[in-house]
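Each residue of the sequence shown is one higher than the last, beginning at 884 in our numbering. Positions of the beta carbon are idealized from the N, C-alpha and C atoms, including for glycine.
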Amino acid sequence: MEKYTTKSATRLGASYSEETKSVEFKLYSKNATKVYLCIFDKPQGELPVMMLEMQKNDNDIWQTSVKDYVLNCKNKPVFYGFRLFGPNWPYSEEYEPGSEIGLISKFDEKSNRFNPNKVAYDPYCLELSHLPSDVNPGFNMFRSGAKFHLIDNAKWSMKSVFRPIEDTEIAKIEPRAFNSEIIGEVHIKDLTQLLNTPEHGTYKGAANFAKNIKKLGITMIEFLPLNEFDSRQNGTNHWGYMPLGYFTLARKYAFDKTPGNLLKEFRSMVDEFHQNDIKVCLDMVYNHTGEGGLVNHNVDDANLFSYALIDNSSYYKVYKNGYYRSNSGCGNDFNANSEAVLNLIIDSLIFWVNQGVDAFRFDLAAALLENSCNCEEIYDNIDSLAAKLKEKLNEKGINVVDNFNEAQDGIILIAEPWTCGGKECYQLGNFPSFWAEWNDVSRDLIRKITLRSSEVTPSQMKDLIEGTPSKFKSINKSINYIASHDGFTLYDLNNFSHKSSSTQGGSDIEICGDYDNNSYLQENSIRKQLMFLFLSYGIPMIQIGDIIMHSKNGNNNSYNKDDGTNYLNWDKALRKGSLENRITEFTRNLIKFRNENPILRSRDFVQSLSYHYNNGQIAPLGNSGYWNNPFDLFFGVLINSSKNRIYFASNKHEENLGIVLPPNIVNTSWHVCADSSNFGNLDFEPKDYIEKEYILNPCASAIFIELAN
């Protein structure tokens, strides 16, 4: 297998120069007026052993280098941070840490929040020494409110960690069309936490589990955020959607937590997945940061970890009154159009590509479609960062795949095409063509087909099968899914009529139901939903936990549950005869069926389709009485292929429905491969020659294949 070499160098941050035998430090701040680099001997409990004034160049980059003290950085990590002065707190020669000498205001009319009493960590550092809650659970020493702004937190602030990391080789996967991928979404700890192994819940544990993921048919694993975050922030944070750094990895997921070894363990994990022909996708949160913004909506009281200290108005969208815009719902919207954030996003993507990452899912990605540095909501798919990202990455030597039907060498960009609030924040279908998009229209429709069938017309089912051209204009870019980390699991949405009362947050409006606890309808519906997922045009995504029927007991917002609510129980999926085992095998073989029939992922898929009534005759597209009738009981689609023809038939009625399959080609006959109501049929092997009529059981769907006699 071909290999390529990783790289750990970044444009800014700390880097070791063999030529000068020194560590060079670079920090962007447009509005700072004086910056000091602070070097620490230990990450906690001590004041800096060295403070060096940094010099600013014409590109607003502050820089300095250290030679003598850090010559041993290859053996011992360097811990560092920054003290910054700015217009609201200009430098004074009389200033001493812990004083307010020089202070004009905690923030000014240009949204500056400089405070030299707080030591900022480096946005470009590859590792953080510790988390704010490790030393101060209430975060008081990081705040600007009341008298907190006078606390010199140098002894306890989070330190950037630098240690030179040797380049390594990682296995490279041969290019293949993106529409051939099966994406499996999972939280890295949940994946292996319940396994009886020393490395469970870690990067190493995930690597050792790669072969099991491959057996399921998953070809791209999409991890919930792996960037460093504070799991104790605002109570409990398990999912990690509060990133502290975009070049860092969460230490809690490392088997070897020794400073400097995080990236090595991550690279080994990527290498192991690649050796099993599985691509790696990272969930990146560029719409807000874990700094969290204001405390109790008090404009005087902000969390000051890094970005706000370094250049608040460059990094965040801030109103003139000092409040942060929060369309992300998380306290501070990143300013994706500023030079600082634009470059940081591009630089961090390049960094992770250099670690072997194949794809990126962008959380609340409508934020990257904005084309304004202030708080206006102007969405633009021509001049925004989202529109120019391919071009900007190409300039850096990183190719972005722009045709999902062809095997191209490059990375995949996936958008969650909305944000939590703000004007026109729903942008499904509006991203440039080189973006794939999470498709909530197909998600909701797949659910409604079984849960609210009287709301679904044949025309909507046709739109689903064809990759939602109503939104994507027939471009193959739809990420189809039934459930994701947000909301109910696949099992729960078919077993609960409302969310659990113990859920914190979570939508009260879910397309879900318990079918009056009718076990036949519950399992049949799950199979039927899976059939629609894997037979629809686009790229299928499934939670890995959904394959093994993981239940969260009705919790549809488990972001704060670092326990069995989220941990995956693999033992249940191995018990022959259990629901968990049946759905695992059914899904695995459904994926295999998709892979064995190239037409299902062909660029010619939509052109191969014809639609039929339950008598086998073609349903003309002009028959609006059929296509727009939500009470029509039958939907049938014939998929024509030179290899063989496939027929997918679905019954919405709660009674048996006799159907006639489309006329055969000469010397061929129809055979049933799978029936959602036949719980014993798991392997998708052609069975039962269909001579005349086939009886679809109540609410059932079936897949047929035409074979030579």
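Point to revise | Local conformation of Ile-1586 per DSSP, three classes | key: Counted from its first residue, the sequence shown places residue 1586 at position 703. Strand.
Review point. How far does the alpha helix (DSSP H) with Leu-1462 in it reach, from first residue to last?
Key: Stepping through the sequence shown from its first residue, residue 1462 is reached at position 579. Here the alpha helix (DSSP H) through Leu-1462 covers 1462 to 1479.
Practice item. In angstroms with no decimal places, state the Cα-to-Cα distance between Phe-1287 and Phe-1243. Key: In the sequence shown, the residue the question calls residue 1287 occupies position 404. In the sequence shown, the residue the question calls residue 1243 occupies position 360. Approximately 15 Å between the Cα atoms of the pair.
Check your understanding: Can you check whether the CB of Gln-946 is closer than 8 Å to the CB of Lys-1038?
Key -> Locating residue 1038 in the sequence shown gives position 155, counting from the first residue. Locating residue 946 in the sequence shown gives position 63, counting from the first residue. In this structure, Gln-946 does not lie closer than 8 Å to Lys-1038 by Cβ.
Review point. Gly-1499 by DSSP, collapsed to three states: which one?
Key: Your numbering for residue 1499 matches position 616 in the sequence shown. Here Gly-1499 sits in coil by DSSP.
**Study point:** Where the beta strand (DSSP E) through Asp-1454 begins and ends
**Key:** Residue 1454 sits at position 571 when you count from the first residue of the sequence shown. From DSSP, Asp-1454 is part of no beta strand (DSSP E) but of the alpha helix (DSSP H) over 1453 to 1457.
Exercise for review: For Asn-1498, collect the residues of the same chain with a Cβ closer than 6 Å to its Cβ; drop the 5 residues on either side in sequence, then sort them by chain order.
Suggested key: Here residue 1498 is taken as the residue at index 615 of the sequence shown, counted from 1. The beta carbon of Asn-1498 sits closer than 6 Å to the beta carbons of Val-1543 from its chain, once the five residues preceding and following it are set aside; these are given in chain order.
Check your understanding: Hey, Leu-1451 and Ile-1431 are a contact pair by Cβ (cut 8 Å); roughly how many whole angstroms apart?
Key -> Position 568 of the sequence shown, counted from the start, is the residue given in the question as residue 1451. Position 548 of the sequence shown, counted from the start, is the residue given in the question as residue 1431. Ile-1431 and Leu-1451 do touch by the CB rule: their CB atoms are close to 7 Å apart, below 8 Å.
**Study point:** Sequence-distant residues of the same chain with beta carbon closer than 6 Å to Asn-1313, five excluded per side
**Key:** Residue numbering aside, residue 1313 sits at position 430 when the sequence shown is read from its first letter. Around Asn-1313: Asn-1264.
Practice item. Check whether the region 986 to 1000 touches the region 971 to 978, counting contact only when three or more Cβ pairs, one atom from each stretch, lie closer than 8 Å. Key: yes
Review point. Alpha carbon to alpha carbon, what distance is there between Gly-1143 and Trp-1122?
Key: As a first step, residue 1122 is located in the sequence shown; it is residue number 239 there, counting from the start. As a first step, residue 1143 is located in the sequence shown; it is residue number 260 there, counting from the start. Going from the Cα of Trp-1122 to the Cα of Gly-1143 covers about 24 Å.
Check your understanding: If you drop the 5 nearest sequence neighbours on each side, which residues of the same chain put their C-beta closer than 8 Å to that of Asn-1539?
Key -> On the sequence shown, residue 1539 is found 656 positions in, with the first residue counted as 1. Result list for Asn-1539: Ile-1578, Leu-1579, Asn-1580, Pro-1581, in chain order.
Practice item. Within the region 1227 to 1292, note down every full alpha helix (DSSP H) run reaching 4 residues or more, in order along the chain. Key: Fully enclosed alpha helix (DSSP H) runs of 4 or longer: 1268 to 1278.
**Study point:** Beta-carbon spacing of Leu-1225, Leu-1268 below 8 Å
**Key:** The count along the sequence shown starts at 1 and reaches residue 1225 at position 342. The count along the sequence shown starts at 1 and reaches residue 1268 at position 385. Contact: yes.
Exercise for review: Report buried or exposed for Asp-1429, applying the criterion of at least 16 other Cβ atoms within 10 angstroms of its Cβ.
Suggested key: Mapped onto the sequence shown, residue 1429 falls at position 546. Counting Cβ neighbours within 10 Å, Asp-1429 comes out buried, since at least 16 surround it.
Exercise for review: Compute the Euclidean distance between the alpha carbons of Asn-1478 and Ser-1357, then round it to the nearest angstrom.
Suggested key: Taking the first residue of the sequence shown as 1, we reach residue 1478 at position 595. Taking the first residue of the sequence shown as 1, we reach residue 1357 at position 474. So the two alpha carbons sit approximately 22 Å from each other.
Exercise for review: At 3 residues or longer, and completely inside the region 1301 to 1347: list those beta strand (DSSP E) runs for me, N to C.
Suggested key: 1318 to 1321
Exercise for review: Pick helix, strand or coil for Gln-1609, following the three-state DSSP scheme.
Suggested key: This structure does not reach residue 1609, given that the chain is present from 884 up to 1592, and the question cannot be answered.
Exercise for review: Thinking Ala-1248 and Glu-1299 are a contact (beta carbons under 8 Å), I'd like their distance in whole angstroms, please.
Suggested key: Position 365 of the sequence shown, counting from 1, holds the residue named residue 1248. Position 416 of the sequence shown, counting from 1, holds the residue named residue 1299. With a Cβ gap of about 5 Å, Ala-1248 and Glu-1299 count as contacting.
Review point. Any chance the region 1436 to 1447 sits against the region 1368 to 1385, with 3 or more Cβ pairs inside 8 Å?
Key: yes
Check your understanding: If we count the other Cβ atoms within 10 Å of its Cβ and call it buried at 16 or more, is Met-1041 buried or exposed?
Key -> Along the sequence shown, read from residue 1 onward, the residue named residue 1041 stands at position 158. Buried.
Practice item. Could you work out which residue in Leu-1590, Lys-890, Ile-1588 is closest to Trp-1235 when comparing CA atoms only? Key: If you number the sequence shown from 1, residue 1235 lands on position 352. Looking at Leu-1590, Lys-890, Ile-1588, the one whose alpha-carbon comes closest to that of Trp-1235 is Lys-890.
Review point. What first and last residue would you give for the beta strand (DSSP E) that runs through Met-1103?
Key: As a working mapping, residue 1103 is identified with position 220 in the sequence shown. Met-1103 -> beta strand (DSSP E) spans 1103 to 1106.
Check your understanding: Which word fits His-1032, buried or exposed, when buried means at least 16 other C-beta atoms lie within 10 angstroms of its C-beta?
Key -> Taking the sequence shown and counting its residues from 1, the one referred to as residue 1032 is at position 149. By the 10 Å Cβ count, His-1032 comes out buried.
Exercise for review: Could you check if Thr-1131 is buried or exposed, using at least 16 other CB atoms within 10 Å of its CB as the buried criterion?
Suggested key: Along the sequence shown, one-based indexing puts residue 1131 at 248. It counts as buried.
**Study point:** Supposed contact pair Ser-1533 and Ile-1482 - C-beta distance, whole angstroms, cut 8 Å
**Key:** Mapped onto the sequence shown, residue 1482 falls at position 599. Mapped onto the sequence shown, residue 1533 falls at position 650. About 19 Å separates the beta carbons of Ile-1482 and Ser-1533, which is beyond the 8 Å limit, so they are not a contact pair.
Practice item. Please confirm whether Leu-1416 and Ile-1329 have their CB atoms less than 8 Å apart. Key: Taking the sequence shown and counting its residues from 1, the one referred to as residue 1416 is at position 533. Taking the sequence shown and counting its residues from 1, the one referred to as residue 1329 is at position 446. Contact flag set, yes.
Practice item. With DSSP as the reference, label Val-1520 as helix, strand or coil. Key: Numbered from 1 along the sequence shown, position 637 holds the residue referred to as residue 1520. The answer is strand: DSSP assigns Val-1520 an E or B state.
Review point. Which same chain residues, not among the five before or five after Glu-885, have their C-beta less than 8 Å away from its C-beta?
Key: Numbered from 1 along the sequence shown, position 2 holds the residue referred to as residue 885. Once the five neighbours on either side are set aside, the close Cβ partners of Glu-885 are Ala-1054, Lys-1055, Glu-1057.
Check your understanding: Can you list the beta strand (DSSP E) stretches of 3 or more residues lying completely in the region 995 to 1070, in chain order?
Key -> 1043 to 1045, 1052 to 1054, 1066 to 1069
Check your understanding: Taking Cβ positions, are Asn-1322 and Gly-1421 nearer each other than 8 Å?
Key -> Taking the first residue of the sequence shown as 1, we reach residue 1322 at position 439. Taking the first residue of the sequence shown as 1, we reach residue 1421 at position 538. Yes, Cβ-Cβ distance for Asn-1322 and Gly-1421 is below 8 Å.
Check your understanding: Nearest-angstrom Cα distance between Val-1182 and Gly-1214?
Key -> As a first step, residue 1182 is located in the sequence shown; it is residue number 299 there, counting from the start. As a first step, residue 1214 is located in the sequence shown; it is residue number 331 there, counting from the start. Using only the alpha carbons, I get a separation of about 12 Å.
Practice item. Output yes or no for whether 8 Å exceeds the beta carbon distance between Leu-1127 and Asp-1166. Key: Within the sequence shown, the letter at position 244 stands for residue 1127. Within the sequence shown, the letter at position 283 stands for residue 1166. No, the Cβ-Cβ distance between Leu-1127 and Asp-1166 is not below 8 Å.
Review point. Got a sec, what are the start and stop residues for the beta strand (DSSP E) Tyr-899 sits in?
Key: Here residue 899 refers to the residue found at position 16 of the sequence shown. Unbroken beta strand (DSSP E) run through Tyr-899: 896 to 900.
Point to revise | Residues near Leu-1457 in its chain [Cβ-Cβ closer than 7 Å; skip 5 each side] | key: For the purposes of this step, residue 1457 is taken as the residue at position 574 of the sequence shown. If we look at Leu-1457 and ignore the five residues flanking it on each side, its Cβ neighbours are Asn-1464.
Practice item. Return the residue from the list Val-1549, Asn-1506, Ser-1559 that minimises the CA-CA distance to Glu-1468. Key: Within the sequence shown, the letter at position 585 stands for residue 1468. Selected option, being the one with the closest Cα: Ser-1559.
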